[in-house]
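First residue of the sequence shown: 3, per the numbering used here; consecutive thereafter. The beta-carbon is built from N, C-alpha and C at its ideal position, and this holds for glycine as well. All values derive from a computational prediction rather than experimental measurement. Input: a single structure, listed below in structure tokens.
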Amino acid sequence: MLQTITIDQIKEALNQFNRGQKYLYNTLTTTIKENQTNDVWFIHLLDELRDNVDLFENTNEQFLDFLQVVFLQIDWIKLSKTVLDTFGAFQINLISCNTKHAQRYLSFLFTIFTIPEISTNRLPLHDFAHETLQHLVLIVPLASTLLCPIAEQHFPFMTKEINVQITYVKNLLRSLSYLSIQRSRFLEIILSKLLRLDVHASRQDIIRVENSNIETELVFSLEQLDTNDNNTKGMKLDQADKLDCLMYVMFEYIISICIENGTVNYEQTKSLFRDLLSIFNKILLPTHDSSHVQFLIFYICSFHTDFSDEFMNNCWKTFVSPSVSMTFRQASICYLCSLIARAKYISIRSVLNITQLMVDWLHAYVSTTETTSGNSNPNRHLPFYAICQAVLYIFIYRHQEIARLPDGIETVLGWRIGRIISSELNPLKYSLPAITHRFAQLAR
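Rendered as structure tokens:
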């Protein structure tokens, strides 16, 4: 067995390998693997490689492939910080000579991000990966352009174990402390993966599998979120369990950014809110049957009325925009309705203001259809039916607060809902029976 390994030996091993002689090649890989916990030996090898990086430019890709095969066989968790730092210095030196090596090494670092923690403490390996990544993007600006594709490529499949998924998401979020310019894109990558889990773990599936008396509607009273409760029971549906854990990680991240010493940091929260709102418009609105991921933006809306107002205005502008597809318009009004009907932090005055906008739109729509023909096809009026149901839904869940206002009943009477529901469009026919039945009870 070889006691030391030199560049010349590696080159000779590759030459023999090309001629069909694999003995020396296999001997080298075995020697490296067996000596990986020998700090002195391994550091000597890395120093040898670092001192000869100029030779790499005269070597074909097979040499780099050899290194990759060898390094993938190493149990990186067992390596000391000294060895890790030496390896990082070698890679930085290599990339500094030629940036073409950056993608290969970045891919290696993001692979490290998937290695689960073996205890509640951080892995030194993760610290090494973050320190090296931070150094790399400083000395090689080109590396920043490669980050997002690589981050998405290495995101664990949703069939992977939950600890792998959690570890990777935590590491992506941790990297944002020094890759702030990538935050919106990294968050989009994370939320798109959460959405895939979400649509594969619908509320109906969760309720069916859990076989419990879970309410069919989610009441998002998130003010009492306990970030110290790590004893959440696992769920029986695998996708739901993963989604639950990853949502918890995201809530923790939101709190870490937005809350300082028990107080909301307005500017930091506003910046994160804007990122999440942009992602909401880009990937949440087009996604059918999302039941949970939107609660991330609902939660951050609870930190200040500016954020909830901006979110509601965003949804309303999307709905009334003639250039937006019918599907997006319906989705936006559903999210808006869900928020203002059930979120306790939305004041009743805000509820009435936004509902008044909806009612005014409905009356204008009815007036327009009264003067036109061809109203028999309900598919032409889906936004109308969606917003009409939204008004009924809001009234059902906020009617008690409305009734307590001095002008509450008068305001509701001013909506003239009777004109809307008795119009030729017959909206009650296309509303959910449970909503129409409950509204009829309250209207009496």
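Quick check: residue i and residue j, are their CB atoms within less than 8 Å of each other?
i	j	result
I396	A343	yes
L189	L278	yes
L96	V55	yes
N260	F330	Going by the sequence as given, residue 260 is Cys instead of Asn. Against a cut-off of 8 Å, the Cβ pair of F330 and C260 comes out as no contact.
T113	H46	no
V251	V326	no
L364	H401	no
L199	L245	yes
L341	M314	yes
F309	C303	yes
D41	T6	no
From residue i to residue j, what distance separates their C-alpha atoms?
i	j	result
L227	Y347	Below a pLDDT of 50, predicted positions are generally treated as unreliable, and L227, at 37, falls in that range; no measurement from the model is reported.
I422	I398	17 Å
A91	N28	26 Å
T39	T101	30 Å
L415	I437	19 Å
L26	L51	18 Å
S352	D409	14 Å
V201	L434	22 Å
S258	L135	22 Å
T218	L48	Low confidence applies here, because T218 scores a pLDDT of 42, under 50, leaving its location unreliable and the question unanswered by this model.
W78	L174	19 Å
S369	R276	37 Å
I191	H103	24 Å
L149	M328	35 Å
S425	R406	30 Å
S82	D129	12 Å
For the putative contact between residue i and residue j, defined by C-beta atoms under 8 Å, what is the C-beta separation to the nearest angstrom?
i	j	result
L111	I117	L111 to I117, Cβ: 11 Å. No contact.
H132	S177	6 Å
L197	M249	That pair is no contact at about 11 Å.
I76	K35	7 Å
Q332	P385	6 Å
V139	L181	7 Å
Among the options, which one has its Cα closest to the Cα of residue i?
i	options	result
I164	A145, K102, L148, L239	L239
L427	H137, L47, D129, N379	N379
I281	R187, P143, L26	R187
K284	N315, E119, Y387, S334	S334
T413	I350, Q296, L148	I350
N381	Y432, A405, Y268	Y432
F321	T307, D308, C339	C339
Can you list, in chain order, the stretches of the alpha helix (DSSP H) that have 4 or more residues and sit fully within the region 142 to 197?
Fully enclosed alpha helix (DSSP H) runs of 4 or longer: 144 to 155, 164 to 177.
Which runs of the alpha helix (DSSP H) spanning at least 4 residues fall entirely within the region 90 to 114, listed in chain order?
Counting only runs of 4 or more, we get 104 to 114.
Completely contained alpha helix (DSSP H) runs for the region 228 to 292, where each covers 4 or more residues:
Inside the region 228 to 292, DSSP marks whole alpha helix (DSSP H) runs of 4 or more residues at positions 240 to 260, 268 to 281, from first to last along the chain.
Which runs of the beta strand (DSSP E) spanning at least 3 residues fall entirely within the region 371 to 397, listed in chain order?
The region 371 to 397 is shown to contain no whole beta strand (DSSP E) run of 3 or more residues.
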